[in-house]
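Protein chains in written order, with this note's numbering: chain A, 225 to 471; chain B, 763 to 1070.
In structure tokens form, the structure reads like this:
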């Protein structure tokens, strides 16, 4: 069995600069021999895990525990400070729906732009265009500029493009929480379909029900470190009990 | 062991990682940029569409500004400045190449910061952004260049300037073919500066204002408001031409046109031909600027995203 994701002893430290945002400010500091000071902020500390192909992994943890940093590292937005990450296959990232959308472009134009950003070429997008429009259910607005779209419509279109990339690995950050119930059901159905096809899904959410519903396995990040890693039901139970006021 | 041949394993190491075999090199970065060429094309398409989306005039607008400048300078030269040059307006068309340089640098500054939302959310080789910005501006220059040639025929400058000693029909002036390497090295120079400025502007947001101001000043250091013959008559030619932009512009002008007739105080100044030496130097300098710019950008590309 091939591993889709391998994370070995990964730490991520951000250098929070008390920086000068302008050349003028920087020059004045240099003149007074005050150089920019950097403070280190450890966002993730010594994380290791592997995800076999086809597994759906949910990541839970409180705000600021490092969930989004972990996802950004897998998506190659950041480079780990120490350690090693391997991701195999075509990766589609959904860190923010419609991140690549341009408000001045129509729905169709944005499908092409976003599709190319996610790694397709124009011919591949052309072929998938009917399916993408169909899934998003906003057919009559596809020639309207995205700046006139509602946030729900942007979400639908963004999700629709991402799932039609046919990824081997899908990285999702907190995006299923938006959209109406009926569309959410559709997204879950799509995720089920992906699981059948052996797509590896890595999924960050605050919504325990969503995590419990789709995950085979759950990682619990607490205070920038991996606190628990195991079957979904077990880890969620642990998490819940630790967050209950114990009287 | 990868799942599909067309999408190889993505391994990314920390800078301190032991597995040096998988370390990123400048060559592997170049190969990756090449693999992402559909994205480059799409971004160029996006920039061009955006610029003309809401305007009826379309491409004409990008020509209007430099044409106004040419008109103003022509009038200035004719009536106010003391150095008469025969048919100077034709020689002023090198302004389009200067404009390409100026706009490329100004746009290069904001290539990364203007796409911050994209950079923070999706991975792609970051150098694609300054590259796509430059290619969009190159498209405008290509239109301006076509316009220049057309205008030369309308003005009557061509075909006589196209042939050896102006004898028509006859053999073509071989210098005309210098146009291509001049434009090529101008692109090289602009791309190099764009990479450096795009990187700097992430760390210091006022870089673009400084660059815009410096470019306005720099305009007086290239032979547009005055002919290069006058620079030679002043005796500062050898220092002046060390500036790669000036050398490229003079070469471009001499490639397109025969040297102008410049008269100062009733005396005709000696003509300046193709500056082969300074042109070669400009090519070397441009290549170095691109090399330094690319390596600098590559070195800081990860840190850059964290600062956005």
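For each residue, glycine too, the CB sits at the ideal point set by N, CA and C.
Quick one, are the C-beta atoms of residue i and residue j less than 8 Å apart?
i              : j              : result
residue 759/B  : residue 945/B  : Chain B is shown from 763 up to 1070; residue 759/B falls before or after that span and cannot be answered.
residue 807/B  : residue 965/B  : no
residue 282/A  : residue 429/A  : yes
residue 1046/B : residue 954/B  : no
residue 1048/B : residue 947/B  : yes
residue 911/B  : residue 1015/B : no
residue 318/A  : residue 247/A  : no
residue 234/A  : residue 297/A  : yes
residue 291/A  : residue 330/A  : no
residue 341/A  : residue 366/A  : no
residue 228/A  : residue 440/A  : no
residue 963/B  : residue 874/B  : yes
residue 936/B  : residue 853/B  : no
residue 443/A  : residue 418/A  : no
residue 949/B  : residue 887/B  : no
residue 384/A  : residue 360/A  : yes
residue 456/A  : residue 883/B  : no
residue 991/B  : residue 1031/B : yes
residue 301/A  : residue 231/A  : no
residue 896/B  : residue 977/B  : no
residue 1034/B : residue 996/B  : no
residue 264/A  : residue 303/A  : no
residue 793/B  : residue 1057/B : no
residue 984/B  : residue 871/B  : no
residue 237/A  : residue 266/A  : yes
residue 810/B  : residue 328/A  : no
residue 269/A  : residue 448/A  : yes
Between which two residues does the beta strand (DSSP E) harbouring residue i extend?
i             : result
residue 445/A : 441-446
residue 427/A : 424-428
residue 455/A : 449-455
residue 397/A : 393-397
residue 281/A : 280-284
residue 316/A : 315-318
Have a look at the DSSP bridge pairing and note the partners of residue i.
i              : result
residue 232/A  : 308/A
residue 1025/B : 1030/B
residue 925/B  : 934/B
residue 271/A  : 234/A
residue 276/A  : 227/A
residue 303/A  : For residue 303/A, which the question treats as bridged, DSSP gives no partner whatsoever.
residue 264/A  : 239/A
residue 335/A  : BP columns for residue 335/A are empty, so no partner.
residue 1063/B : DSSP output for residue 1063/B lists no bridge partner at all.
residue 369/A  : 330/A
residue 847/B  : 1024/B
Determine the closest residue to residue i out of the options, with distance taken between C-alpha atoms.
i              : options                         : result
residue 974/B  : 959/B, 942/B, 994/B and 932/B   : 959/B
residue 415/A  : 406/A, 425/A and 407/A          : 425/A
residue 347/A  : 896/B, 1026/B, 842/B and 800/B  : 800/B
residue 863/B  : 1037/B, 952/B, 931/B and 906/B  : 952/B
residue 1020/B : 850/B, 805/B, 829/B and 835/B   : 850/B
residue 334/A  : 295/A, 314/A, 380/A and 251/A   : 380/A
residue 878/B  : 867/B, 892/B, 868/B and 865/B   : 892/B
residue 343/A  : 388/A, 412/A and 361/A          : 388/A
residue 941/B  : 980/B, 1012/B and 854/B         : 1012/B
residue 848/B  : 919/B, 1036/B, 1002/B and 982/B : 919/B
residue 453/A  : 307/A, 249/A and 272/A          : 272/A
residue 900/B  : 871/B, 885/B, 859/B and 927/B   : 859/B
residue 829/B  : 786/B, 861/B and 1017/B         : 861/B
residue 277/A  : 255/A, 431/A, 421/A and 253/A   : 421/A
residue 409/A  : 437/A, 423/A and 315/A          : 437/A
residue 798/B  : 1001/B, 926/B and 890/B         : 890/B
Could you tell me which chain E residues have their CB closer than 7 Å to the CB of residue i, listed as they occur along the chain?
i             : result
residue 421/A : The structure shown has no chain E; the protein chains it does contain are A and B.
Kindly indicate the opening and closing residues of the alpha helix (DSSP H) around residue i.
i             : result
residue 878/B : 878-883
residue 903/B : 890-917
residue 352/A : 346-360
residue 328/A : Unbroken run through residue 328/A: none, as it is neither H nor E.
residue 868/B : 857-871
residue 382/A : 375-387
residue 840/B : 821-841
residue 247/A : 247-255
residue 295/A : 291-298
residue 415/A : 405-421
residue 794/B : 788-797
residue 853/B : 850-853
residue 438/A : 432-438
Those runs of the alpha helix (DSSP H) which lie wholly inside the region 966-1047 of chain B and span at least 4 residues: 969-980, 990-996, 999-1002 and 1006-1018
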